[in-house]
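Residue numbers (this note's numbering): 10 to 217.
Where is the CB? At the ideal position from N, CA and C, for every residue including glycine.
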Amino acid sequence: MGVVGVGEMLKRLAQLIRVAIVFVALGILLSIAFGSSWVQRMLNPIRYVDVITLHSRRHGLDPFLVAAVMRVESGYQSDAVSPRGARGLMQLMPDTGRWAAGCLGIQGYSDDLLFEPNANIRIGAWYLRQLLNQFGGNVGVALAAYNGGPSNVEKWLSAGKWSGSIDDLQQIPFAETARYVDRVSRAYELYLRAYESRWPGDDAPRVL
10 MGVVGVGEML
20 KRLAQLIRVA
30 IVFVALGILL
40 SIAFGSSWVQ
50 RMLNPIRYVD
60 VITLHSRRHG
70 LDPFLVAAVM
80 RVESGYQSDA
90 VSPRGARGLM
100 QLMPDTGRWA
110 AGCLGIQGYS
120 DDLLFEPNAN
130 IRIGAWYLRQ
140 LLNQFGGNVG
150 VALAAYNGGP
160 SNVEKWLSAG
170 KWSGSIDDLQ
180 QIPFAETARY
190 VDRVSRAYEL
200 YLRAYESRWP
210 GDDAPRVL
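Structure below.
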């Protein structure tokens with residue numbers, strides 16, 4: 010190989026090194042950017058903040074938990090309907106809506122009210138509080154009951170099929186419910202990181 014050939018090879022090698030350095034630097038910058046809480050908040054916005062704040066405070070709930078349930082249940086789509094007939098932001102069954110409406114004194118209730126964000130979050134937050142009270146404040150168990158039904162969860166716990174711990178989700182007989190609790194827990198942790206555990210304009214308690 011001649012001198013010219015060696016020189017050309019070294020020139021190309023230098024170009025490749027410069028390109029590699031640029032890519033490494035870009036990767037570092039992107040890692041820093043996407044790791045920042047500001048970018049994470051942009052990528053993981055929380056909708057209906059004022060309504061969530063109102064009803065979370067009213068029922069002593071962590072608003073990040075309510076937001077996480079809403080994210081997993083409907084993706085913040087107020088008109089969402091599940092194959093089983095659950096409706097709205099927090100995917101409430103009509104039977105649950107009617108029961109809650111009676112307990113909350115909601116006048117003129119109809120199942121279509123579950124598509125209205127304020128009513129849906131009001132009922133959903135109330136129902137989540139009932140489940141937390143029923144299961145001694147255990148958030149993981151309350152989430153399992155929200156998805157799989159409280160009577161089923163009571164049977165699993167009393168029969169020793171599930172310890173009630175989030176660390177033992179594989180014990181839950183319903184795979185869908187196990188996935189649900191895991192997804193809500195992950196969404197909750199994601200929100201805490203993105204918002205640095207500070208709910209916008211509120212100091213409601215963290216629960217997980």
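Taking histidine 64 as reference, the option from Ala23, Ala110 and Asn129 with the minimal CA-CA separation is Asn129.
A residue is called buried when at least 16 other Cβ atoms come within 10 angstroms of its Cβ; tryptophan 208 meets this threshold and is buried. Residue environment: aspartate 121 is assigned as exposed (fewer than 16 neighbouring CB atoms within 10 Å of its CB, all protein chains considered). No Cβ-Cβ contact shorter than 9 Å links glutamine 100 with serine 119. Assignment of beta-bridge partners to arginine 96 by DSSP yields Val90 and Leu101. A contact between stretches requires three or more CB pairs, one per stretch, nearer than 8 Å, and the stretch 125-142 meets this requirement with the stretch 57-75. Here asparagine 147 carries a coil assignment [DSSP, helix/strand/coil]. Across the structure, tyrosine 189 and isoleucine 181 are spaced so that their CA atoms are roughly 11 Å apart. Annotation for alanine 168: no residue places its beta carbon closer than 8 Å to its own, counting only its chain and skipping 5 residues before and after. When DSSP states are grouped into helix, strand and coil, phenylalanine 73 belongs to the helix group.
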